[in-house]
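Residue numbers (the numbering used here): 2 to 43.
Cβ coordinates follow ideal geometry from the N, Cα and C atoms, glycine included.
Worksheet: the structure to be examined is printed underneath.
Dropping the structure here:
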């Protein structure tokens, strides 16, 4: 499992979330991914 967290700061960190989505959708990451994204918009 991969756990991704970007914290709870008011400024979003969408780039990381978007890249993780891309890697999972392309099949490059096959593990279960859990994301805590708080203020991010992705």
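Nearest neighbour of residue i, chosen from the options [CA to CA]
i, options, result
"residue 38", "2, 21, 9", "9"
Per-residue DSSP class, three states only, for residue i
i, result
"residue 7", "coil"
"residue 12", "coil"
Rounded straight-line distance, which links the Cα of residue j to that of residue i
i, j, result
"residue 25", "residue 7", "18 Å"
"residue 31", "residue 15", "21 Å"
"residue 28", "residue 22", "10 Å"
"residue 11", "residue 18", "15 Å"
"residue 5", "residue 20", "11 Å"
"residue 35", "residue 3", "6 Å"
Continuous alpha helix (DSSP H) stretch holding residue i: start and end
i, result
"residue 23", "15-26"
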